[in-house]
Structure formats: structure tokens, C-alpha cells
Amino acid sequence: MNWLLLIIAGLFEVGFATCLGKAKETSGSTAMWWMAGFFICLTLSMTLLYKATQTLPIGTAYAVWTGIGAFGTVLIGIFVFKEPVHFWRLFFLFTLITSIIGLKFVSA
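Residues 1 to 108 (the UniProt record's numbering) make up the sequence shown, in order.
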């Protein structure tokens, strides 16, 4: 169950990074709505991370949480914010995912 909470926390990390990027692109009340989304996602992400670390090792949980966030945010950057895609970016993204999976298998 705590692994599921950790994955959801990582998805909310992607959410707060996305909201931050969208807030940067907008202004006025639209930017404020994106910032509200940022704070909601941030709160949910941190709360779920805290819950997950009650039984998972902190080093593993934090690495997986940031890895999910980094992976998801790179994908959002590519597909939503039209950031460049090239071989080395995808290669290191793949190695990141491989490392996250490896941590899951070697952790209790």
C-alpha cells in the first residue's frame, strides 16, 4: 500500500511542477489559479510522501519520489511545453527509470 502512496505522491510532484510551468506562461488570475494548483499538489505530494516513509526506507522512498517526479516532468516538458527531444535526453530518462525499478526490487 505504501508503494502505491509513493507512486501517487510522485504523480502529484509532476502536477506541482506542471502547474509551476503553466503559471509562468500566464498572468493575472489565470496564473493565480495555476499557483493554487501548485500548492494543492505540493501539499498532497508531501503528505503522501510522509505517509509512505512511515514503513519504507527514507532514502529509497525519496529517490523513487524524485525519480517519478523527474520522469513525469520531463515527459510533460516534452509533450506540453514542447521542450526538445534527442537521443541523450531519452537515454538518461531510461536509465533513471531503470534505477527506480532497481531500488524497488532491492528494498524491503
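Using N, Cα and C, we set each Cβ at its ideal position, and we do this for glycine too.
Model, not experiment: these values are computed from the prediction.
Span of the alpha helix (DSSP H) around residue i
{"i": "T43", "result": "28–52"}
{"i": "V106", "result": "87–106"}
Residue of the options minimising C-alpha distance to residue i
{"i": "K22", "options": "G67, M35, L11, A70", "result": "M35"}
{"i": "A63", "options": "L6, T18, M1", "result": "L6"}
{"i": "L44", "options": "L20, F91, L11, K24", "result": "L11"}
{"i": "T47", "options": "M32, F94, W65, W33", "result": "W65"}
{"i": "L49", "options": "G77, A9, L96", "result": "A9"}
{"i": "L4", "options": "V80, K51, G37", "result": "K51"}
{"i": "F16", "options": "C41, M1, S29", "result": "C41"}
{"i": "M1", "options": "L20, G37, S29, T53", "result": "T53"}
{"i": "L103", "options": "I58, F79, L90, G72", "result": "I58"}
{"i": "I100", "options": "L20, F71, S29, F38", "result": "F71"}
{"i": "T18", "options": "F87, F105, I78", "result": "I78"}
Cβ separation of residue i and residue j, assumed to be a contact under 8 Å, to the nearest whole Å
{"i": "S107", "j": "T60", "result": "4 Å"}
{"i": "E25", "j": "I68", "result": "Their Cβ separation, rounded to whole angstroms, is 24 Å, which puts E25 and I68 out of contact at 8 Å."}
{"i": "L20", "j": "F39", "result": "About 10 Å; that fails the 8 Å criterion."}
Three-way DSSP call (helix, strand, coil) for residue i in this model
{"i": "V80", "result": "coil"}
{"i": "T55", "result": "coil"}
How do the segment 96–103 and the segment 67–87 stand: do at least 3 beta-carbon pairs fall below 8 Å, yes or no?
Touching, yes.
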